[in-house]
Each structure stands twice: as C-alpha cells, then as structure tokens.
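Asker: Last residue of the sequence shown: 91 in my numbering, with the numbers rising by one and none dropped. Beta carbons: idealized from backbone N, C-alpha and C, even for Gly. Remember, it's a predicted structure, so these values are computed and weren't measured experimentally. One structure follows; several queries about it will come next.
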Amino acid sequence: MVTARLPDDALYQALKTRETEWADAGIRSVACIGDALAPGLIAHAVYAGHRYAQELDARRDGEVPFKRHFHHDTPMA
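Below is the structure:
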C-alpha cells in the first residue's frame, strides 16, 4: 500500500530562487507540473507533461482550454 504521497517540488523551488538568472539563460518561465505538483497515477503525470507542451507557446487570454457541464437536479424546462 502506498500512503502519504506528498509532492516533491524541491527542484521547482530551487529554480524559483534563481529567477533573476533566467533571462540570461533564455528561460522565460518555469512551471511545477506532474507529481511535483500533485502525486497521482503515471497517466496523470504523462497528461500533465503533454498538456504543458501543447500550451507552452499558447497565448494566455484567460480562457480555459475546456468547458465544464453542470448537471442540474431538476429537469430544465
């Protein structure tokens, strides 16, 4: 049994402390994803990496990349 799965974001935190050096190295941003953000199944980490790569150069305009459906308890007329 696996219990008490906690994120290990030590690398992310170490990189954030060196943020002033990023521009000289050509780095615009650093993101915490996958198990470093929230441990889960391997499929979740793979999806997080895939999604990050797809959105890496995408324009950020405040829109979410998906729409949620909300189900109502009562039938809508």
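1. So is residue 62 buried or exposed if we call it buried at 16+ other beta carbons inside 10 Å?
2. Could you compute how far the alpha carbon of residue 31 sits from the alpha carbon of residue 24?
3. Out of curiosity, what's the CA-to-CA distance linking residue 49 and residue 22?
4. Got a sec? Which residues, its chain only, sit under 6 Å from residue 44 by beta carbon, not counting five neighbours each side?
5. Between the alpha carbons of residue 41 and residue 68, how many angstroms are there, rounded?
Answerer: Checking against the coordinates, here is how it stands:
1. Within the sequence shown, residue 62 is the residue found at index 48, counting from 1. Residue 62 is buried by the Cβ-count criterion.
2. On the sequence shown, residue 31 is found 17 positions in, with the first residue counted as 1. On the sequence shown, residue 24 is found 10 positions in, with the first residue counted as 1. Cα-Cα distance, rounded: 11 Å.
3. On the sequence shown, residue 49 is found 35 positions in, with the first residue counted as 1. On the sequence shown, residue 22 is found 8 positions in, with the first residue counted as 1. Cα to Cα, residue 49 sits roughly 7 Å from residue 22.
4. Counted from its first residue, the sequence shown places residue 44 at position 30. Once the five neighbours on either side are set aside, the close Cβ partners of residue 44 are 29.
5. Within the sequence shown, the letter at position 27 stands for residue 41. Within the sequence shown, the letter at position 54 stands for residue 68. Whole-angstrom Cα-Cα distance: 18 Å.
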